[in-house]
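S.K.:
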């Protein structure tokens with residue numbers, strides 16, 4: 332079964348995102364469980380949890396992901412930023428677990444000049460500490476591929492494997508592949524051969540069996556640009572063929588595939604348009 336969805340707003344309540352996703356014909360969903368641009372945390376009430384659970388039952392959408400706040404950086408060399416990031420990630424895992432959200436997706440972090448090796452090690456150490464403090468958490472932490480903008484880590488598959496290898500509770504870690512990010516990082520997807528080579532590299536280094544979510548985004552910039560700018564499906568530098576390969580790859584049946592394309596005001600409902608474009612690519 333193809334699980335297709337998008338990132339939707341939680342304005343008006345966390346549960347509202349599930350109804351929005353259902354209205355768009357989605358079978359998967361990604362949300363922020365709090366304001367992603369601030370450190371301020373959100374404490375869930377019993378009513379929040381009950382409403383979310385009720386909406387899940389009413390819509391039948393169970394393939395749900397939360398995305399961590401943008402401010403989190405477990406590779407930060409600044410002690411205060413690192414400690415705030417640790418608390419924010421722990422709180423996100425607890426919050427998502429209370430909501431019975433299966434996956435929490437996180438960008439690994441930026442080393443800010445500390446160096447890649449030290450940054451990767453610090454990320455893994457932070458995850459180990461958080462896992463030690465949250466033994467009963469049910470949500471699985473997914474490390475997302477990045478574009479490699481600035482000092483971002485996670486732009487090579489080897490980065491993800493290195494973090495995973497240093498995490499003690501390996502079963503609590505999985506991965507999210509973002510098409511825009513891997514393309515910007517230098518992994519081509521545009522031809523059948525390039526697509527197969529990129530997926531083979533991911534399988535060899537990380538393991539496709541540990542891939543839990545795919546973010547479907549075209550890219551505003553070219554291959555290897557290291558620029559994280561998403562574009563509408565088929566309108567960017569990646570092009571439509573790559574998404575046809577993904578939508579018809581039997582290895583990804585049952586994996587949530589989530590749109591994170593630009594939200595734009597105007598007469599065109601781009602979420603609906605992008606979802607329709609992806610559905611039209613599926614060969615029965």
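Numbering (the working numbering), first residue to last: 332 to 615. Using N, Cα and C, we set each Cβ at its ideal position, and we do this for glycine too. Keep in mind it's a predicted model, so treat the numbers as computed, not measured.
Taking the C-alpha atoms as reference points, what is the distance between residue 394 and residue 509?
M.R.: Computed Cα separation, rounded: 17 Å.
S.K.: Residue 435 lies in the alpha helix (DSSP H); which residues open and close that run?
M.R.: First-last for residue 435: 434-437, but that is the beta strand (DSSP E), not the alpha helix (DSSP H).
S.K.: Residue 407: which of 453, 558, 420 and 425 sits nearest, CA to CA?
M.R.: Residue 407 has its Cα closest to that of 453, out of 453, 558, 420 and 425.
S.K.: Which one or two residues does DSSP pair with residue 396 in a beta bridge?
M.R.: According to DSSP, residue 396 bridges with 361 and 434.
S.K.: Please state if the CB of residue 439 and the CB of residue 477 are separated by a distance shorter than 8 Å.
M.R.: Yes, Cβ-Cβ distance for residue 477 and residue 439 is below 8 Å.
S.K.: Counting beta carbon pairs with one atom in the stretch 406-423 and one in the stretch 443-453, are three or more of them shorter than 8 Å?
M.R.: Because the criterion of three Cβ pairs below 8 Å is met, the stretch 443-453 and the stretch 406-423 touch.
S.K.: Rounding to the nearest angstrom, what Cα-Cα distance links residue 550 and residue 473 in this structure?
M.R.: The straight-line gap from Cα to Cα measures roughly 22 Å.
S.K.: For residue 524, count neighbouring C-beta atoms within 10 Å of its own C-beta (all shown protein chains included) and say buried if the count is 16 or more, exposed if not.
M.R.: The residue in question, residue 524, is exposed, as its Cβ has fewer than 16 Cβ neighbours within 10 Å.
S.K.: Count the other CB atoms within 10 Å of the CB of residue 598; is the residue buried (16 or more) or exposed (fewer)?
M.R.: Under this definition residue 598 is an exposed residue.
S.K.: Please report the distance separating the alpha-carbon of residue 436 from that of residue 511.
M.R.: Taking the straight line joining both Cα atoms gives about 16 Å.
S.K.: Using alpha carbons as the reference points, say which of 515, 456, 573 and 389 lies closest to residue 483.
M.R.: Among 515, 456, 573 and 389, the Cα nearest to that of residue 483 is on 515.
S.K.: Can you tell me where the alpha helix (DSSP H) with residue 571 in it begins and where it stops?
M.R.: Where residue 571 is concerned, the enclosing alpha helix (DSSP H) stretches over 571-578.
S.K.: Can you grab the Cα-Cα spacing for the pair residue 417 / residue 403, in whole Å?
M.R.: Using only the alpha carbons, I get a separation of about 8 Å.
S.K.: Can you tell me where the alpha helix (DSSP H) with residue 512 in it begins and where it stops?
M.R.: 510-515 is the span of the alpha helix (DSSP H), which, as asked, contains residue 512.
S.K.: Since residue 335 and residue 588 should fall inside the 8 Å C-beta cutoff, what is the C-beta to C-beta distance between them, to a whole number of angstroms?
M.R.: The Cβ separation is near 5 Å, so the contact holds.
S.K.: Could you tell me whether the Cβ atoms of residue 595 and residue 561 are closer together than 8 Å?
M.R.: Going by C-beta atoms, residue 595 is not nearer than 8 Å to residue 561.
S.K.: Among 600, 574 and 583, which has the Cα closest to the Cα of residue 612?
M.R.: It is 574 whose Cα lies nearest to the Cα of residue 612.
S.K.: Once you ignore the five residues that flank residue 461 on each side, which residues in its own chain have a CB closer than 8 Å to its CB?
M.R.: Cβ neighbours of residue 461 beyond the five flanking positions: 417, 420, 421 and 424.
S.K.: Helix, strand or coil for residue 441, going by three-state DSSP, please let me know.
M.R.: Three-state result, residue 441: strand.
S.K.: Return the bridge partner residues of residue 471 from the DSSP annotation.
M.R.: According to DSSP, residue 471 bridges with 434.
S.K.: On a CA-only basis, which of 614, 389, 365 and 357 is nearest residue 344? Give me that one, please.
M.R.: Closest option to residue 344, Cα to Cα, is 365.
S.K.: Please state the DSSP three-state secondary structure of residue 290.
M.R.: The requested residue 290 does not occur in the structure, where the chain is confined to residues 332 to 615.
S.K.: Taking the beta strand (DSSP E) that residue 336 falls in, what are its first and last residues?
M.R.: 334-338 is the extent of the beta strand (DSSP E) around residue 336.
S.K.: On the three-state DSSP scale, how would you describe residue 581?
M.R.: It is helical.
S.K.: Which value, in whole angstroms, describes the spacing of the CA atoms of residue 429 and residue 465?
M.R.: Their backbone Cα atoms lie some 12 Å apart in a straight line.
S.K.: Do residue 566 and the ligand NAP come close, with the Cβ less than 7 Å from some heavy atom?
M.R.: In the structure shown, the ligand NAP is absent, as is every other ligand, since no ligand is present at all.
S.K.: Does residue 561 come out as helix, strand or coil in the three-state DSSP assignment?
M.R.: Reduced to three states, the DSSP call for residue 561 is strand.
S.K.: I need the straight-line Cα distance from residue 507 to residue 615, nearest angstrom please.
M.R.: Answer to the nearest angstrom: the Cα atoms are 26 Å apart.
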